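Asker:
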Amino acid sequence: MKIVIIFDHPYTANAWKNIPHNRSFLAAVLKKISSDFTRRGDDVDLIDLHADHFNPIMSKEDLADWRQGKSCNSQTADYQKRLLKADRIIFMFPIWWEIMPAMTKGFLDKVYAKNILYTANNMKTKLVTQPKIDVITTMSTPNWAYRLVFGTPILKALFRGFFLKTRLTHFKWHNIANLDKKSAAQRKAILANFSIK
3 MKIVIIFDHP
13 YTANAWKNIP
23 HNRSFLAAVL
33 KKISSDFTRR
43 GDDVDLIDLH
53 ADHFNPIMSK
63 EDLADWRQGK
73 SCNSQTADYQ
83 KRLLKADRII
93 FMFPIWWEIM
103 PAMTKGFLDK
113 VYAKNILYTA
123 NNMKTKLVTQ
133 PKIDVITTMS
143 TPNWAYRLVF
153 GTPILKALFR
163 GFFLKTRLTH
173 FKWHNIANLD
183 KKSAAQRKAI
193 LANFSIK
């Protein structure tokens, strides 16, 4: 299986080691699931947005290209080719202010472009394999508050506003909430048991 992982964290995918001010629990989760997939014989293709110096800003030139169904640049074109080959796509990012960071939003805006990855007239995806899509997030907000107080904005933005809109229906959200309140032992246990089927 061809698995494309889009990883968004300023410390990059290399931040899985426990080094103060350069550590990310999300990067540790990435390392764990990548190892699991590789062990099963899957092909893991990592897009590390910060390590790649991806620019999430849609310039007027980028928008002109987007409107004409052209790739913004060679990096965007490369990402698009990789996504078209994917059997499974995994987005990984922290929840900041109850939504995805700018880098992930910019990736969706610029890379998932009309007439390249979806057809403009009917909004139907061109990802013909109907890939499984997983979204793995971490957040400081307690799960109950995110759902009941804030109304789960990430599901509204991604599941309803993006995936379903372009007929991508195989979607699952994996969330690790209230992370900053977890002890080292609790984090270790979460990491050891974390898996996606």
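Counting from 1, position 23 in the sequence shown corresponds to residue 25 in the numbering used here; the numbering is continuous, with no gaps.
Using N, Cα and C, we set each Cβ at its ideal position, and we do this for glycine too.
Treat the numbers as computed from the prediction; the structure is a model and nothing was measured.
Out of curiosity, what's the CA-to-CA distance linking Lys72 and Ala191?
Answerer: 45 Å
Asker: Could you please give the first and the last residue of the uninterrupted beta strand (DSSP E) stretch that includes Leu48?
Answerer: Asp45 to Asp50
Asker: Tell me whether Thr143 sits in a helix, a strand or coil according to DSSP, three-state version.
Answerer: coil
Asker: If you drop the 5 nearest sequence neighbours on each side, which residues of the same chain put their C-beta closer than 6 Å to that of Ile138?
Answerer: Met94 and His176
Asker: Quick one: measure Cβ to Cβ for Ile49 and Tyr81, integer angstroms, because I've assumed they're closer than 8 Å.
Answerer: 6 Å
Asker: Label Pro22 either buried or exposed according to how many other C-beta atoms from any shown protein chain fall within 10 Å of its C-beta, with 16 as the threshold for buried.
Answerer: exposed
Asker: Output yes or no for whether 8 Å exceeds the beta carbon distance between Lys112 and Thr168.
Answerer: Result no, Cβ atoms of Lys112 and Thr168 do not sit closer than 8 Å.
Asker: So, for Phe161: in the same chain, excluding its five sequence neighbours on each side, which residues have a beta-carbon less than 8 Å away from its beta-carbon?
Answerer: Excluding positions up to five away in sequence, the list reads Phe173 and Trp175.
Asker: For Trp68 and Lys116, I'd like the C-alpha separation in whole angstroms.
Answerer: 7 Å
Asker: Our contact map puts Phe109 next to Ile8 with C-beta atoms below 8 Å; I'd like the distance itself, whole angstroms only.
Answerer: 6 Å
Asker: Going by DSSP, name the residue or residues bridged to Asn123.
Answerer: For Asn123, which the question treats as bridged, DSSP gives no partner whatsoever.
Asker: Could you tell me the alpha carbon to alpha carbon distance between Ser37 and Cys74, rounded to whole angstroms?
Answerer: Going by the C-alpha atoms only, they are around 33 Å apart.
Asker: Using only CA atoms, which one of Ile59, Arg90, Ser61 and Thr140 lies nearest to Lys183?
Answerer: When only C-alpha atoms are compared, the closest one is Thr140.
Asker: If we ignore side chains and look at the alpha-carbon of each, how far apart do Pro144 and Asn180 end up?
Answerer: 5 Å
Asker: Provide the residue(s) that pair with His176 in DSSP beta bridges, ordered along the chain.
Answerer: Ile138
Asker: Taking C-beta to C-beta, are Asp54 and Ile5 nearer than 8 Å?
Answerer: no
Asker: Relative to the C-alpha of Leu170, which residue among Trp18, Phe27, His52 and Pro133 is closest?
Answerer: Pro133
Asker: Could you give the C-beta distance for Ala29 and Asn16, rounded to a whole number, given that I count them as a contact under 8 Å?
Answerer: 7 Å
Asker: Along the chain, where does the alpha helix (DSSP H) containing Ile192 start, and where does it finish?
Answerer: Ala186 to Asn195
Asker: Can you give me the C-alpha to C-alpha distance between Trp146 and Gln188, rounded to a whole angstrom?
Answerer: 19 Å
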